[in-house]
Structures are given as C-alpha cells and as structure tokens.
C-alpha cells in the first residue's frame, strides 16, 4: 500500500473537522487556521490533535519559509503553490502540488526550518499530522518515520539536483546513494562551517541561504571569495586530499544544508569514480583560485 493510501486509511479512522455549514466559509470551519496550527507545546497548554483535517480557502498561507515546523500536511483536495524567497525579497513560485502529494515532512522529522512557503491556489482540504500523528502512522498503519525520512531526503536531493550541475551529472544510482547518506541540517547566521587551517569534517550542499568565503593572510588581511549561493557544494578539498581547509566558510543568513560526514564519504563514496572525478575537478579549480588569492599583494 502506498504512503498516501495509508494516510487516507488513517483519515478514515479519525473524525474529520466538521464540514462547513450553509453560509459558512471553509476558513471559518477550520479552527485554528493552518498557518497558526500546531504551535510548539508549552507547559500547561493542551497538545494539538495528532491528526486534523483543514478546510482552507484559496490564498491561505499554510506554512512560511524559515519558520520552525511542527506538523506535515497531505493534500486531499485542491492544489497548493510552492513559493521560495529570492535574494532581493519577494517569492517565486517553483511548483504546485495536488491531491495525493504531501509537504512539511522535512521540517517535522529533521528539526530543520521550513524550506518553502506553501499557499493554497484554490479551495483545499489538507490532512495535518504532528509528531504524535506520525507515530500513530507507525503504530496503526505500519508507516515508519524512516520511510518519511527517505521521502524528505529524496525531496532535498531533488532540490540539490536542480541547483547543482555536479550532482545532476552523476549516474542515477550514485544520486540515490547520496540521497540516503546526506543529513539535512539548519545552521543560524554567523556560524563557521569550515575554518582555514583546520580539518574539514564533511561535504556540504547549500540548499537555502548564503555563506561567505574568505582567506585570512598572515598579516591579518582578509580576501573574500564569491559568496556561496543556493546549490553550492563545498568541503571537498579537505575530504579528498586529506588537507586542512584552504578557506573559511561562514553563514551570512540562516542556512539549510545537506551534510555528508567524512567517515560516510570515505566508506561509501571515495571509490565512486564519477563522484570522485567530479569533486577532484572542482577541488583543483578552487585550489588554483586559493593560490591566486594567497599571492595577492598588499
């Protein structure tokens, strides 16, 4: 049975929110609204229902990019738009989802921030599940959290494929292995991911946000590299060549990344000729740039 079929079975086992009465709008029948539902639990406050049906009108914001995620959603009826913010503000539509598709599982299951804003484009019915609801899936219907983790990582890998030509050029079997091995993480602004002169611990793919890269000279001067934008891959030099990091990488904004730990990389991917060859070429280009930066005159 498919994941969605099991979710539908779960829906039938739980009473839905009441259908709108005559003269009542769909939004009024859903309380609270999806945009504010399932808040973080606080002491003394009742826990949100593990499974709830939301009736939402067109134009309703369901989740916002950058917010913490306390629930996931399945589209039962209608359609929603997926919006992502640009570097200069504003949102760009990058896709739509309809009945049978789901979203929000990444933030719920991994603790990362929402990676997109979801807005209804027509009247919609959504099934909302909290962490408790996901646990009920496993207990009552055999849907394991690990299965949703895989689905979340596949979606993240699809994002990486769209934005990183190196990953997109890899054979499909290598891409799937990467999807199983990458771990999503959210990092606040101002955090250092790599430090020049220190060993790197992982390979990173930047999915959301922006990082600055700079080289610090012996006299304290700093030379900046171009900033890392969505889709950038970094950390490969230290992993491949057992060298110390040649530059410092620090987050400028809150960032969502895929992280491949050094030990996993060495065990599973060091012998992959396609991946290794692509990373070697990328690393050589960056080493050449580093040499040029280190040779800058005052």
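In this note's numbering, the protein residues as written are 83 to 380.
We put the beta carbon where it would ideally sit given N, CA and C, even for glycine.
Fair warning: this is a prediction, and the values are worked out from it, not measured in the lab.
CA-to-CA distance, residue j to residue i, given in whole angstroms
i           : j           : result
residue 247 : residue 367 : 15 Å
residue 175 : residue 140 : 15 Å
residue 254 : residue 296 : 34 Å
residue 200 : residue 163 : 6 Å
residue 338 : residue 289 : 6 Å
residue 177 : residue 340 : 21 Å
residue 63  : residue 326 : Summary: the structure shown does not reach residue 63, with the chain confined to residues 83 through 380, and so no result is reported for it.
residue 265 : residue 360 : 21 Å
residue 330 : residue 257 : 28 Å
residue 294 : residue 137 : 43 Å
residue 158 : residue 206 : 7 Å
residue 291 : residue 335 : 6 Å
residue 364 : residue 321 : 12 Å
residue 316 : residue 166 : 23 Å
residue 145 : residue 300 : 47 Å
residue 274 : residue 240 : 26 Å
residue 362 : residue 318 : 8 Å
residue 142 : residue 202 : 5 Å
residue 287 : residue 156 : 27 Å
residue 277 : residue 173 : 33 Å
residue 306 : residue 204 : 46 Å
residue 328 : residue 208 : 48 Å
residue 260 : residue 252 : 10 Å
residue 303 : residue 270 : 26 Å
residue 185 : residue 193 : 14 Å
residue 356 : residue 249 : 10 Å
residue 285 : residue 351 : 11 Å
residue 279 : residue 237 : 34 Å
residue 187 : residue 298 : 40 Å
Terminal residues of the beta strand (DSSP E) in which residue i lies
i           : result
residue 266 : 265 to 269
residue 211 : 206 to 211
residue 138 : 133 to 138
residue 303 : Premise fails: residue 303 is in no beta strand (DSSP E) and is neither H nor E.
residue 197 : Taken as a continuous stretch (DSSP letters only), residue 197 belongs to no beta strand (DSSP E), as it is neither H nor E.
residue 146 : Taken as a continuous stretch (DSSP letters only), residue 146 belongs to no beta strand (DSSP E), as it is neither H nor E.
residue 310 : No beta strand (DSSP E) holds residue 310; DSSP gives it neither H nor E.
residue 298 : 293 to 298
residue 174 : 173 to 179
residue 203 : Element bounds for residue 203: n/a, residue is neither H nor E.
residue 284 : 284 to 290
residue 274 : 274 to 276
residue 166 : 162 to 167
residue 159 : 154 to 159
Residue span of the alpha helix (DSSP H) that contains residue i, given as start and end
i           : result
residue 250 : 247 to 250
CB-CB length for residue i against residue j, believed under 8 Å
i           : j           : result
residue 354 : residue 268 : Wrong, their Cβ atoms sit about 28 Å apart, outside the cutoff.
residue 189 : residue 147 : The pair is not a contact, with the Cβ atoms about 10 Å apart (cut-off 8 Å).
residue 262 : residue 343 : Between residue 343 and residue 262 the Cβ distance is about 13 Å, and since that is not below 8 Å, they are no contact.
residue 332 : residue 272 : 7 Å
residue 161 : residue 182 : About 11 Å; that fails the 8 Å criterion.
Residue i CB to nearest heavy atom of the ligand ATP below 7 Å
i           : result
residue 264 : In the structure on display, the ligand ATP does not appear, and there are no ligands present to speak of.
Query raised in the report: Taking contact to mean at least 3 C-beta pairs separated by less than 8 Å, is the stretch 130 to 142 in contact with the stretch 208 to 217?
Result: yes
Requested in this report: Could you say if the stretch 201 to 212 and the stretch 141 to 158 meet the contact criterion of at least three C-beta pairs nearer than 8 Å?
Outcome: yes
Requested in this report: Decide yes or no for the touch test of the stretch 340 to 352 against the stretch 299 to 312: beta carbon pairs closer than 8 Å, at least 3 of them.
Outcome: no
Query raised in the report: Considering only residues of the stretch 319 to 368, which uninterrupted beta strand (DSSP E) runs meet the minimum length of 3 residues and lie entirely inside it, listed in chain order?
Result: 330 to 333 and 337 to 343
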